[in-house]
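Protein chains: 2
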Amino acid sequence: MKARVFVSLKSTVLDPQGQTVRSALAGLGYHDIADVRQGKFFDVTLAEGTPREQARRDIETIAHEVLANPVIEEYRVEFLD
Amino acid sequence: MKARVFVSLKSTVLDPQGQTVRSALAGLGYHDIADVRQGKFFDVTLAEGTPREQARRDIETIAHEVLANPVIEEYRVEFLD
Chain A
1 MKARVFVSLK
11 STVLDPQGQT
21 VRSALAGLGY
31 HDIADVRQGK
41 FFDVTLAEGT
51 PREQARRDIE
61 TIAHEVLANP
71 VIEEYRVEFL
81 D
Chain B
82 MKARVFVSLK
92 STVLDPQGQT
102 VRSALAGLGY
112 HDIADVRQGK
122 FFDVTLAEGT
132 PREQARRDIE
142 TIAHEVLANP
152 VIEEYRVEFL
162 D
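In order, the protein sequence lines correspond to chains A and B. According to this note's numbering, numbering within the first sequence proceeds without interruption in unit steps and concludes at 81. According to this note's numbering, numbering within the second sequence proceeds without interruption in unit steps and concludes at 162.
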């Protein structure tokens with residue numbers, strides 16, 4: 001079983017990395033780029049034979065407690081199979 | 082118009098960040114996690130009025146030349162509207 005956890009800064013939080021990419025792109029002549037925000041994702045593979053329900057619970061807990069910082073970040077979990 | 086560019090290490094390339102997350106999770110008791118690989122994504126917003134065709138071309142070029150390092154990374158572009 002595989003899951004993908006997307007982690008991004010909350011929309012109210014400044015994203016300096018994204019702003020740097022945006023201004024670099026403007027410097028390269030891409031003036032049609034209005035905004036860039038960067039995030040990260042984690043492709044998590046669970047051991048074979050993990051019960052589906054437990055896997056879902058674990059991934060949710062891991063996303064909330066380990067992969068994302070809920071103070072400034074939000075996350076979304078997608079189960080791939 | 083919005084696009085999301087996913088960038089991840091090629092599957093043949095070692096991912097030390099992902100491995101660190103994986104071993105941290107094992108240390109926390111999550112032994113059902115077999116593998117973790119980390120990637121990043123960029124949410125790109127294009128200026129209003131950008132012709133659709135030009136926007137698509139620009140995003141493809143930006144993904145290939147700026148956001149990803151084609152030697153070790155692969156990318157995928159998703160247009161959100």
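Each residue gets a CB set at the ideal place from its N, CA and C atoms; glycine is no exception.
- Every unbroken alpha helix (DSSP H) inside the stretch 103 to 154 of chain B [4 residues or more]: 133 to 143
- Message: Contact criterion: CB-CB distance below 8 angstroms. Does residue 75 of chain A meet it with respect to chain B?
- Response: Locating residue 75 of chain A in the first sequence gives position 75, counting from the first residue. No, residue 75 of chain A lies away from the interface with chain B (no Cβ there is under 8 angstroms from its Cβ).
- Since residue 94 of chain B is in the beta strand (DSSP E), which residue starts that stretch and which ends it? Numbered from 1 along the second sequence, position 13 holds the residue referred to as residue 94 of chain B. That residue, residue 94 of chain B, is in no beta strand (DSSP E); it is neither H nor E in DSSP.
- Item | Span separating the alpha-carbon of residue 5 of chain A from that of residue 89 of chain B | In the first sequence, residue 5 of chain A corresponds to position 5, counting from 1. In the second sequence, residue 89 of chain B corresponds to position 8, counting from 1. The alpha-carbon atoms of residue 5 of chain A and residue 89 of chain B are separated by roughly 14 angstroms.
- Applying the criterion that 16 or more other CB atoms from any shown protein chain within 10 Å of the CB defines a buried residue, is residue 153 of chain B buried or exposed? Within the second sequence, the letter at position 72 stands for residue 153 of chain B. Exposed is the call here.
- Query: Quick one: which chain B residues come within Cβ less than 8 angstroms of residue 46 of chain A?
  - Reply: To locate residue 46 of chain A, count along the first sequence from 1; it is residue 46. By Cβ distance, chain B contributes 113, 114 and 115.
- Would you call residue 103 of chain B buried or exposed, if buried means 16 or more other Cβ atoms sit within 10 Å of its Cβ? What you label residue 103 of chain B is simply residue 22 of the second sequence in a count that begins at 1. Buried, by the Cβ-count rule.
- Query: Alpha carbon to alpha carbon, how far is residue 162 of chain B from residue 113 of chain B?
  - Reply: Within the second sequence, residue 162 of chain B is the residue found at index 81, counting from 1. Within the second sequence, residue 113 of chain B is the residue found at index 32, counting from 1. Rounded to the nearest angstrom, the two C-alpha atoms are 37 angstroms apart.
- Where residue 20 of chain A meets chain B, residues with beta-carbon distance less than 9 angstroms: Taking the first sequence and counting its residues from 1, one reaches residue 20 of chain A at position 20. Near residue 20 of chain A there are no residues of chain B at all, since even the closest Cβ is about 12 angstroms away, more than 9 angstroms.
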